[in-house]
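**Q**
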Amino acid sequence: MRNLARLVCATLIMAFMSAPGVAAACTLWAGAGESVAGGGTLIAKNRDWAPDHQQQIRLITPKRGYRLIALYAVGNRHEGTKAGINEKGLVAVSASPPRHLAARENYQGKTSMRTMLTRYDSVAAALEALDRGEWVCGPEYLMLADGKEVACIEFAAGGAYEVVARTAAGVAFHTNHYLAPRLADLNKGKLASSMKRCARIEELLADKAVHDTDDFRRYSADSVLWRTGDAPAAARTLASWIIRQPRDGSAILYLKMANPGMPVAEYEFAVDDLFAGRVDLARIE
């Protein structure tokens, strides 16, 4: 993954550095096994979007399947789950593709992150089901983690996808352009921000052989990755979602919320407490 990302970023970054960034974007990164202090996994998402809505933490209990804790957007036309962990420990975070792929028809009949998290209990189970054609996303990038491994999948229109990273002993990262060579022709439009963030998270991850939660928090707050917006309505970072999951044991959620019109707030929760109702989710804002 690291070599592939370096090649694609280096090839494209000069072509797009003069273009303005995409309106909606995210930065995803993760580590597993020997790259994480104490083993297990770490996975993170900086969520970037226009400041036209609010975010909540929700406990979602489906009629069938696993419950999940979700970072949930409300108040605009893109409401829904933006990151989540289910009660079996499967974590999912997503990032948007280049803007020209965001046509509504590209997403019709596709599987939502919420639905996927209610169905599968591990990275292996989700990927095996993907191979069997049981689920597929519209154009986007999805990063998964459990206590053992992490994986990153690129989805295109028409059901095409590529698993660009899967590791139990390394790191993975993604922003908002395609890294798989067979999908690279889809990289069109304003990709300067994506290229810059891709290069920066690669640099940060390469700076240390072993990462801990404090490192991931620091990467999240980096001036390149935590975006503040260059105009009142411009995209900026609205949340940071980091989950530390030991190979055997309880997961910890580190959450930084920057809801429009609200002070930036930081939280740390045992995920078991969230599922057990020991935290008043309405107070997380």
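Just so we're aligned: the sequence shown equals residues -24 to -1, 1 to 261 in mature numbering (1 follows the signal peptide of the UniProt record, and there is no 0).
All residues carry an ideal CB built from backbone N, CA and C; glycine is no exception.
Let me know if residue 164 comes out buried or exposed under the rule of 16 or more other beta-carbons within 10 Å of its beta-carbon.
**A** Exposed, by the Cβ-count rule.
**Q** For residue 194 and residue 108, I'd like the C-alpha separation in whole angstroms.
**A** Residue 194 and residue 108: Cα-Cα distance of roughly 38 Å.
**Q** Taking the alpha carbon of residue 5 as the point to measure from, which residue in 157, 220, 44 has its own alpha carbon closest?
**A** It is 220 whose Cα lies nearest to the Cα of residue 5.
**Q** Relative to the alpha-carbon of residue 98, which residue among 130, 74, 61, 39 has its alpha-carbon at the smallest distance?
**A** Comparing Cα positions, the closest option is 61.
**Q** Could you tell me which uninterrupted beta strand (DSSP E) segments, each at least 3 residues in length, are contained entirely in the segment 29 to 81, listed from first to last along the chain?
**A** DSSP runs (the beta strand (DSSP E)) wholly in the segment 29 to 81: 30 to 36, 44 to 50, 56 to 62, 67 to 71.
**Q** If we ignore side chains and look at the alpha-carbon of each, how far apart do residue 243 and residue 79 end up?
**A** If you take the alpha carbons of residue 243 and residue 79, they lie about 35 Å apart.
**Q** Find out if the Cβ-Cβ distance for the pair residue 17, residue 146 is shorter than 8 Å.
**A** No, the pair does not count as a contact, with Cβ atoms beyond the cut-off.
**Q** Would DSSP call residue 238 helix, strand or coil?
**A** Three-state DSSP puts residue 238 in coil, outside helix and strand.
**Q** For residue 241, count neighbouring Cβ atoms within 10 angstroms of its own Cβ and tell me buried if that reaches 16, exposed if not.
**A** Exposed is the call here.
**Q** To test your reading of the DSSP string, which unbroken alpha helix (DSSP H) runs of 4 or more residues are found completely within the segment 148 to 183?
**A** You should have 168 to 182.
**Q** Near residue 177, which residues of its chain fall below 7 Å by C-beta distance, leaving aside the five closest residues on each side in sequence?
**A** Excluding residues within five positions, the ones whose Cβ falls inside 7 Å are 3, 5, 149, 195, 201.
**Q** Would the segment 245 to 257 and the segment 221 to 231 be scored as touching if the rule is three or more Cβ pairs under 8 Å?
**A** Short answer: they touch.
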